[in-house]
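Here is the structure we will look at, set down as structure tokens.
Number of protein chains: 4
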Amino acid sequence: MSRKSKRSLKEKFSLKNSLVKEALSEFLGTFVLIALGCGCVGQAVLSRGAHGGPMTVSVGFAMAVTIAVYVSGGVSGGHINPAVSLAMCVTGRLKWTKLPIYILAQLLGAFVGAAAVFGIYYNAFMQFSDGRLEVTGPNATAQIFATYPAPYLSLINGFADQVMSTAVLLLAIFAIFDTKNNSVPKGLEPIAVGLLIIVLTCSLGMNSGCAMNPARDLGPRLFTAIAGWGMEVFTAGNNWWWVPIVAPMLGAVLGAMIYIIFIEMHHSDAQSEEENDARAKYELTNMA
Amino acid sequence: MSRKSKRSLKEKFSLKNSLVKEALSEFLGTFVLIALGCGCVGQAVLSRGAHGGPMTVSVGFAMAVTIAVYVSGGVSGGHINPAVSLAMCVTGRLKWTKLPIYILAQLLGAFVGAAAVFGIYYNAFMQFSDGRLEVTGPNATAQIFATYPAPYLSLINGFADQVMSTAVLLLAIFAIFDTKNNSVPKGLEPIAVGLLIIVLTCSLGMNSGCAMNPARDLGPRLFTAIAGWGMEVFTAGNNWWWVPIVAPMLGAVLGAMIYIIFIEMHHSDAQSEEENDARAKYELTNMA
Amino acid sequence: MSRKSKRSLKEKFSLKNSLVKEALSEFLGTFVLIALGCGCVGQAVLSRGAHGGPMTVSVGFAMAVTIAVYVSGGVSGGHINPAVSLAMCVTGRLKWTKLPIYILAQLLGAFVGAAAVFGIYYNAFMQFSDGRLEVTGPNATAQIFATYPAPYLSLINGFADQVMSTAVLLLAIFAIFDTKNNSVPKGLEPIAVGLLIIVLTCSLGMNSGCAMNPARDLGPRLFTAIAGWGMEVFTAGNNWWWVPIVAPMLGAVLGAMIYIIFIEMHHSDAQSEEENDARAKYELTNMA
Amino acid sequence: MSRKSKRSLKEKFSLKNSLVKEALSEFLGTFVLIALGCGCVGQAVLSRGAHGGPMTVSVGFAMAVTIAVYVSGGVSGGHINPAVSLAMCVTGRLKWTKLPIYILAQLLGAFVGAAAVFGIYYNAFMQFSDGRLEVTGPNATAQIFATYPAPYLSLINGFADQVMSTAVLLLAIFAIFDTKNNSVPKGLEPIAVGLLIIVLTCSLGMNSGCAMNPARDLGPRLFTAIAGWGMEVFTAGNNWWWVPIVAPMLGAVLGAMIYIIFIEMHHSDAQSEEENDARAKYELTNMA
């Protein structure tokens, strides 16, 4: 395509409505997150450990987050997670009216990303278990897409696990982006977020896979329900499915509050002009 | 060599023709990519896992890409991949007339890089299989150089795999370099590209080794055909060889298009002056 | 919460006393360090290697340090370690009067972080050893929280180990932050510190787990003494508990001295204006 | 120590002679490199794989290089390797008269670093092989310090291996520091060099451990000869010891030449003012 025809194409399709362009951005970011992130789990599970293990899943999923934030960061803030979007609303960094669109775009992106993983590994799925798509047992593959609790985990312990891990996630994200703290230089925040995901999955991943993201969990779960794993994806683990939806929402707000109370609230006024500039930058991106 | 004699040497050999210098740059970059990248696979295979495994291959190959882009980035854009060069042409970031030279230089660099791996590990190859160079079976070593499909993989699934993985590769590269998105600071893009390769090989590497690069695959395959593995390197895997050539070309253009349609096309005009500056920077490097 | 009500909340709680805000920062930073860092050890131990190993513990703990320094770096310097705070006092980078508060906050943060790990993995602990919390033997779990010496280690070798590893830690931290050396760009120091922790745990972790931090060791040890492991956590390993407290304090001062004597003392005067500026920056943060 | 007394101490010891301060810097840098780097090999060998493996050794050694370059980069250029110093002399980036002092400081630092590893792991060495320090066989520990060839490796293949790996090392270092290429931002070069070491050890480490550094190899080898392993450290592997001394010197010059011929020589004159500035920066550091 020549550069001139690209220009005219741009004029034709260019979206005046910033919400639509932010929705496209969150959709694409969450698609990349799930296609690559759940792809890492798929490679480890479907190869029965020959092509992956705890380290490739942890580092791989973390870098999937990094890439997804690079894809969507400049346009929509790179939330790719309803719990993050909620925390941004609660702390005045995103308009409440935008929240439903953000969440819908994220959910849709995650659903399509899950479909991509299934498509790319279709032959591998068929060979893995002779075409049977199972939720539990030694040939289970449902955990490639959504998270399931370990056998020993009680519902209340699992709920606390998701609240706490998402709280730490948000607390750290607020620190990484806080220009009045020792924040990460612009353009490198996605890498710092990736490093954060590495430690979260290495430390809090054993109970239930460390979803910390309602879209990351529900989107692929819905896909598996339709694609052949059946309704067991909702009933398994003592009806586990709602925990990685509700608990991260609570945890995200809690983590944001903790950061504000322990750190942000006490930044001295001498720096407040800088703060306003930084906030303005945020708003240009997120409040438009 | 004293500094003065170096100066005169420089005057003698300095190339007025930018295309030749770009070809040298792509040749050296792709040489480094293959010598180090395929070296990682070689170390894991030839030591039968004692000195390497999925993680060293994934991280090692990724850092080989990073170093190769540092070597060739400033002069020729650091494509080291015909699929990337094609996508740059299609989106007006590289002159079409340069494409054949870029591809030839990349292919040659990959061929010589494969020869270097064979030379450095010559004793190891001989000891590994008593001098027999095999394409399939437990003593196969051809997969150190080119990619081969997993036994379960159909040609259509393998083709889709290479289209999708290269599409995600390009989509992410466009994000990483898009100065109107949250782009990586200048001089650190090669590291971000390396992190991208980590997640791609951890998530989409199981089907067929995630070539995503016609030069990376065909160059070493040609070398093995000549060096003693024979024509089986082309017939193996149901004549697999053409898939990692054709599919990445398609995927690269697809990925670039997706990024432009979902993200780049909607950047607001307020920022367009900055965009022009950034594009000018690109052109200085790539269109000269 | 609307932005206006947040403002008024801020006015209400904003702390004039910088020491209190620094204490909060060190508390939260050390909490994050232990919750995530000891979480990594917990995941590896409690899953008996299925969800973690030497690499996830090393990289995970290192990234826990990185995140903890991001959380607390801008407000209190991100020491999260009494040995670091002591070295800062000895070299005139922190007021001596602040030292007790820093140490107390760090110790408290580590204690609460250990409690969080126990809480999040409560079901896993119960299932791991049928509810018995053991300090030694194949079902030991105390080493998830505090460090214990390897069976072969003498007290004097262990003491030397902690002196040396903490000396290298401080020596390297001083280099990373020394603006007259090739220091890390502002905002990326926490990542460099994380990379430093990776190599320290990979190279000096085998003798006794590489605590290098009295708060990181004593806080969780106190927690385990109370939570059910009993006083054996103090007597085990030939009364090991005091070594990771005393030796790191010595090692930190030693390492800082070595860096100053070998490197910092010889910076030329031509750069001293720049130095003063950098020192001023430090003081704004740490001496306030 | 109060700040005033530190000032007076500084005046007393401050070295007018820049060569002495550069020697101290190279000594300390190489000490850190070997203490941490060989420490990683030690941890993997002495724990018989329980606390380390190919990945911890590769990543750990690489980060040891990163930290060592941070420690010594600003004062002496952070060569920590006679082969690098030689290449800097040959290309006019270091005065020839400084070369012997640099090499001596590096060798001494490596020797003391090896002693530190032996000291810190003294109990572990004694327990590993009942006090016998062996060069070959299942209880060999000499390879913790110096490199030895794999059983299959011929002397000529090993020599080529060290020439090529050091050539790629230097070629890449020149790219990383070349301000007219897409060079790494100031202060982050040590991290890029670390990533380079990761891929070199993952791809070219199997033949003989990828020394690429005469000081890194000879210093610790001398230590082991004295400390109890005996003269077998020189005769083992068909008198291997001279290969990692001579071959890296050749390879380093070769790699620097390749980079200059393929890339640096062709930088357009339009940028030459910037180049002069960058060269001036180098000279301030290295030619003083």
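Chains C, V, B and X, in that order, are what the protein sequence lines are.
In short: position in the first sequence from 1, add 1174, done, that's the working numbering.
In short: position in the second sequence from 1, add 1174, done, that's the working numbering.
In short: position in the third sequence from 1, add 1174, done, that's the working numbering.
In short: position in the fourth sequence from 1, add 1174, done, that's the working numbering.
All residues carry an ideal CB built from backbone N, CA and C; glycine is no exception.
Since we're looking at a predicted model, the values are computed, not measured.
Rounded straight-line distance, which links the Cα of residue j to that of residue i
i: residue 1282 of chain B; j: residue 1240 of chain B; result: 20 angstroms
i: residue 1359 of chain X; j: residue 1357 of chain B; result: 11 angstroms
i: residue 1228 of chain C; j: residue 1271 of chain X; result: 52 angstroms
i: residue 1217 of chain B; j: residue 1336 of chain C; result: 15 angstroms
i: residue 1296 of chain C; j: residue 1274 of chain C; result: 33 angstroms
i: residue 1264 of chain V; j: residue 1191 of chain C; result: 28 angstroms
i: residue 1321 of chain X; j: residue 1391 of chain X; result: 6 angstroms
i: residue 1431 of chain B; j: residue 1316 of chain C; result: 56 angstroms
i: residue 1277 of chain C; j: residue 1352 of chain V; result: 25 angstroms
i: residue 1231 of chain X; j: residue 1214 of chain X; result: 5 angstroms
i: residue 1258 of chain C; j: residue 1194 of chain V; result: 50 angstroms
i: residue 1249 of chain B; j: residue 1435 of chain C; result: 13 angstroms
i: residue 1334 of chain X; j: residue 1244 of chain V; result: 25 angstroms
i: residue 1397 of chain X; j: residue 1341 of chain V; result: 53 angstroms
i: residue 1354 of chain B; j: residue 1393 of chain X; result: 29 angstroms
i: residue 1403 of chain X; j: residue 1305 of chain X; result: 11 angstroms
i: residue 1379 of chain C; j: residue 1438 of chain B; result: 43 angstroms
i: residue 1313 of chain V; j: residue 1418 of chain V; result: 23 angstroms
Contacts of residue i in chain V (Cβ-Cβ under 9 angstroms)
i: residue 1258 of chain X; result: Under the 9 angstroms cutoff, chain V gives no residues; its nearest Cβ is about 16 angstroms from residue 1258 of chain X.
Proximal residues of chain V, C-beta to C-beta of residue i below 8 angstroms
i: residue 1373 of chain C; result: The contacting residues do not exist; residue 1373 of chain C stays about 16 angstroms from chain V at best.
Close-in-space but distant-in-sequence residues of the same chain around residue i (CB under 8 angstroms, 5 per side omitted)
i: residue 1458 of chain B; result: Unreliable placement is indicated for residue 1458 of chain B, whose pLDDT of 39 sits below 50; no coordinate value is reported for it.
i: residue 1383 of chain C; result: 1317, 1321 and 1322
i: residue 1366 of chain C; result: 1350 and 1358
i: residue 1405 of chain X; result: 1399
Contact belief for residue i with residue j at Cβ below 8 angstroms, rounded distance in angstroms
i: residue 1427 of chain C; j: residue 1260 of chain C; result: 7 angstroms
i: residue 1372 of chain V; j: residue 1234 of chain C; result: 7 angstroms
i: residue 1344 of chain V; j: residue 1374 of chain V; result: No, residue 1344 of chain V and residue 1374 of chain V are not in contact; Cβ-Cβ is about 11 angstroms, not under 8 angstroms.
i: residue 1212 of chain X; j: residue 1311 of chain X; result: Not quite, the Cβ-Cβ distance comes to about 20 angstroms (not below 8 angstroms), so this is no contact.
i: residue 1210 of chain C; j: residue 1377 of chain V; result: 5 angstroms
i: residue 1293 of chain V; j: residue 1242 of chain V; result: Not quite, the Cβ-Cβ distance comes to about 19 angstroms (not below 8 angstroms), so this is no contact.
i: residue 1425 of chain X; j: residue 1339 of chain X; result: 7 angstroms
Contact list for residue i against chain C, beta-carbon separation under 9 angstroms
i: residue 1386 of chain V; result: Those within 9 angstroms of residue 1386 of chain V in chain C number zero; the least Cβ separation is about 13 angstroms.
i: residue 1437 of chain V; result: 1195, 1198, 1199, 1202, 1245, 1246, 1248 and 1249
Close-in-space but distant-in-sequence residues of the same chain around residue i (CB under 6 angstroms, 5 per side omitted)
i: residue 1279 of chain C; result: 1197, 1200 and 1201
i: residue 1423 of chain V; result: 1257 and 1260
Any C-beta of chain A under 8 angstroms from that of residue i
i: residue 1221 of chain B; result: The structure shown contains no chain A; its protein chains are C, V, B and X.
Within chain B, partners of residue i - CB distance below 7 angstroms
i: residue 1226 of chain X; result: 1228 and 1376
i: residue 1315 of chain X; result: The contacting residues do not exist; residue 1315 of chain X stays about 13 angstroms from chain B at best.
i: residue 1334 of chain C; result: 1293 and 1294
Contacting residues, own chain, Cβ-Cβ under 7 angstroms from residue i (five flanking each side not counted)
i: residue 1149 of chain X; result: The first residue shown for chain X is 1175 and the last is 1462, placing residue 1149 of chain X beyond what the model contains.
i: residue 1346 of chain X; result: 1370
Within chain V, the residues that residue i reaches when beta carbons sit closer than 7 angstroms
i: residue 1297 of chain C; result: 1326, 1327, 1328 and 1331
Under 9 angstroms by beta carbon: chain B residues contacting residue i
i: residue 1338 of chain C; result: 1209, 1290, 1293 and 1294
i: residue 1286 of chain X; result: Under the 9 angstroms cutoff, chain B gives no residues; its nearest Cβ is about 12 angstroms from residue 1286 of chain X.
Under 8 angstroms by beta carbon: chain C residues contacting residue i
i: residue 1389 of chain B; result: What residue 1389 of chain B touches in chain C: nothing, since even the nearest Cβ is about 17 angstroms away.
Partners in chain C for residue i, counting only beta-carbon separations shorter than 7 angstroms
i: residue 1213 of chain B; result: 1377 and 1378
Contact list for residue i against chain B, beta-carbon separation under 8 angstroms
i: residue 1381 of chain C; result: 1294, 1295, 1297 and 1298
Neighbouring residues, chain X, relative to residue i (Cβ below 9 angstroms)
i: residue 1303 of chain B; result: By Cβ distance, chain X contributes nothing, its closest Cβ being about 21 angstroms from residue 1303 of chain B, past 9 angstroms.
i: residue 1365 of chain V; result: 1358, 1362, 1365, 1366 and 1369
* Of the residues that make up the segment 1341-1361 of chain X, which ones have a beta carbon closer than 7 angstroms to any beta carbon in chain B? -> Interface annotation for the segment 1341-1361 of chain X against chain B: 1359 and 1361, criterion Cβ-Cβ distance under 7 angstroms.
* Residues of the segment 1260-1279 of chain C whose Cβ lies closer than 8 angstroms to any Cβ of chain B, in chain order -> For the segment 1260-1279 of chain C, which is checked against every Cβ of chain B, the residues closer than 8 angstroms are 1264, 1265 and 1266.
* Could you please tell me which residues of the segment 1421-1437 of chain X, in chain order, have their CB closer than 7 angstroms to any CB of chain B? => From the segment 1421-1437 of chain X, no residue has a Cβ closer than 7 angstroms to chain B.
* Taking only beta carbons into account, state which residues of the segment 1402-1417 of chain X come closer than 8 angstroms to chain B, listed in chain order. => Per Cβ criterion, the list is empty.
* Asked: Mind listing which residues of the segment 1228-1242 of chain X have their C-beta closer than 7 angstroms to chain V's C-betas, in chain order?
  -> Identification of residues in the segment 1228-1242 of chain X having a C-beta nearer than 7 angstroms to some C-beta of chain V yields 1228, 1229 and 1232, given in sequence order.
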